[in-house]
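Accompanying notes for the structure given below.
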Amino acid sequence: MKVAIISDIHGNDLALEAVLADIDALGIADIVNLGDHVSGPLNAARTADILMARNIPSISGNHDRYLLTLDPTGMGLSDRAAHAELQPRHLEWLATLPATLVYRDAFFLCHGTPASDEAYWLEALTAEGVVHLAARSAIEVLATGIKQPVILCGHTHTPRAIRLADGRLVVNPGSVGCPGYDADSPVAHKVEVGSPDARYAIVESVGNDWSVTFRTVPYQHETMARLAAQRNRLQWAQALATGFLGG
Numbered sequence: 001m002k003v004a005i006i007s008d009i010h011g012n013d014l015a016l017e018a019v020l021a022d023i024d025a026l027g028i029a030d031i032v033n034l035g036d037h038v039s040g041p042l043n044a045a046r047t048a049d050i051l052m053a054r055n056i057p058s059i060s061g062n063h064d065r066y067l068l069t070l071d072p073t074g075m076g077l078s079d080r081a082a083h084a085e086l087q088p089r090h091l092e093w094l095a096t097l098p099a100t101l102v103y104r105d106a107f108f109l110c111h112g113t114p115a116s117d118e119a120y121w122l123e124a125l126t127a128e129g130v131v132h133l134a135a136r137s138a139i140e141v142l143a144t145g146i147k148q149p150v151i152l153c154g155h156t157h158t159p160r161a162i163r164l165a166d167g168r169l170v171v172n173p174g175s176v177g178c179p180g181y182d183a184d185s186p187v188a189h190k191v192e193v194g195s196p197d198a199r200y201a202i203v204e205s206v207g208n209d210w211s212v213t214f215r216t217v218p219y220q221h222e223t224m225a226r227l228a229a230q231r232n233r234l235q236w237a238q239a240l241a242t243g244f245l246g247g
């Protein structure tokens, strides 16, 4: 079994198309999607159309939930920009997506952690806002009760694979469409992956175990950076152009 894992597209339709083309070229039929599909100052509606047409098994991320539950006046800039583009059919599709999903009895999908779409699982923060690998004990606790051998999470946009003590594998594929962001909670911090490429992962069964391959896919990132700049989202533009936030 070979499955492509995508996550955190954030309305970047060109990055999504490049990743899907790469997956198709590799002959991989199974794809799962870990949420945060459309939020951002890019092309939310077209991104949703692509995903809906492919009918990829998908879950909801925290920004998908915000789009469904918050009044637009109370949304952040990225959610508000996406909401303004989306049609009722797009929101109806988002409303059908579960918070977690079991795929082919082997994969457990969540966005952040099994219990929260906002919490970091494989990363932790210092009091000064430095992002680092979480303690193994903390990662293990959050996997309690999950029976599947492969656990998939997104949210932090950071590609990572962690092997638990019992052999289970926890994989974050990284972000298809947003290579850097900052956040204020629980302390101010930023995440940068260091390149503008689209990212995803491939998980494959090998005998009685599983292997992970992380893919970086070049695409027309300059086009998306220009779009973000035109919409006065300069930090987005910097991240899309370079993989760094600057400053």
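All letters in the sequence shown, in the order written, are residues 1 to 247 by this note's numbering. Even glycine gets a Cβ: it sits at the ideal position worked out from N, Cα and C.
Asked	Found
Three-way DSSP call (helix, strand, coil) for Asp49 in this model	helix
Top-ranked residue by Cα proximity to Asp36, from Val206, Leu51, His132 and Ala229	Leu51
Close beta carbons around Asn172, own chain, < 7 Å, minus the five adjacent residues each side	Leu122, Cys153, Gly154, Thr156, Thr158, Pro159 and Arg160
DSSP beta-bridge partners of Ile151	Phe108 and Val170
Where the beta strand (DSSP E) containing Thr213 begins and where it ends	Asp209 to Val217
Sub-8 Å separation of Asp79 and Ser39 beta-carbons	yes
Selected residue, minimal CA-CA separation from Asp71, among Ile59, Ala84 and Gly207	Ala84
Straight-line Cα distance separating Trp210 from Pro88	40 Å
Distance between Gly207 and Ala188 (C-alpha atoms, nearest Å)	43 Å
Alpha carbon of Val176 to alpha carbon of Pro218, nearest angstrom	11 Å
Any 3 or more C-beta pairs closer than 8 Å across the region 177-197 and the region 229-246	yes
Counterpart residues of Val191 in DSSP-defined beta bridges	Tyr181
Span of the alpha helix (DSSP H) around Tyr66	Asn62 to Thr69
Collapsed DSSP secondary structure at Ser78 in the structure displayed	helix
Per-residue DSSP class, three states only, for Val19	helix
Unbroken alpha helix (DSSP H) run spanning Val141, endpoints	Arg136 to Leu142
Reduced DSSP secondary structure (H/G/I, E/B, other) of His221	helix
Identity of the residue in Ala99, Leu77 and Ala21 nearest Gln235 by Cα	Leu77
Member of Pro179, Asp184 and Ile151 whose CA lies at the smallest distance from the CA of Ile202	Ile151
Cβ pair count under 8 Å reaching 3, the region 12-19 against the region 89-106	no
Beta-carbon proximity of Ala18 to Ala198, cut-off 8 Å	yes
Boundaries of the beta strand (DSSP E) in which Arg231 is found, first to last residue	Premise fails: Arg231 is in no beta strand (DSSP E) and is neither H nor E.
Short Cβ contact (8 Å threshold) for Ala81 with Pro114	no
Nearest-angstrom Cβ-Cβ length linking Val32 and Leu109, presumed shorter than 8 Å	6 Å
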